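Position 80 of the sequence shown, counting from 1, maps to 229 under the working numbering, and the rest follow consecutively. Heads up, the beta-carbon is just placed ideally off N, CA and C, and yes, glycines get one too. Predicted model, so just to flag it, every value in this text is computed and none were measured. Notes for the one structure printed next.
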Amino acid sequence: MTAAPKAQEIRVKISFIIECVTTEDMHQSLLVDDFSGCGVLLTSTTKGGRLKYTFTLSCDSIYKAKSIVNELLRLIRMMQETYTLLEEFAVRRKE
């Protein structure tokens, strides 16, 4: 009698790019926690104002990726609003 072959885990890779005014400091602020314990690997890079995130995950972890993306987008919106307010403050201060 032979053992049944072990099921092979299917891994999915998803990349998304966010186009916004991005500095290296902003990228460092958006580095995320390690989610590998829950089956999600998230890496990020920045180049020319573009943030690129790549998820590598198992099919049963896709719902977790959606939550992570929503949190990243919320943080980016918040940082952009702060950046705009700081620019407005700098202009008013010069006047």
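Burial state of residue i (16 or more Cβ within 10 Å)
i: Tyr212; result: exposed
i: Val189; result: buried
i: Leu235; result: exposed
i: Leu222; result: exposed
i: Phe204; result: buried
Boundaries (first-last residue) of the beta strand (DSSP E) holding residue i
i: Ser193; result: Val189 to Lys196
Same chain, Cβ closer than 6 Å to residue i, five either side skipped, listed in chain order
i: Asp209; result: none
i: Thr248; result: Residue 248 falls outside the range modelled here, since the chain spans only 150 to 244, and no answer is possible.
Beta-carbon contacts of residue i that lie in its chain and below 7 Å, excluding the five residues immediately before and after
i: Ala214; result: Ile163, Val189, Phe204 and Leu206
List, from N- to C-terminal side, the alpha helix (DSSP H) runs of 4 residues or more that fit wholly inside the segment 193-226. none
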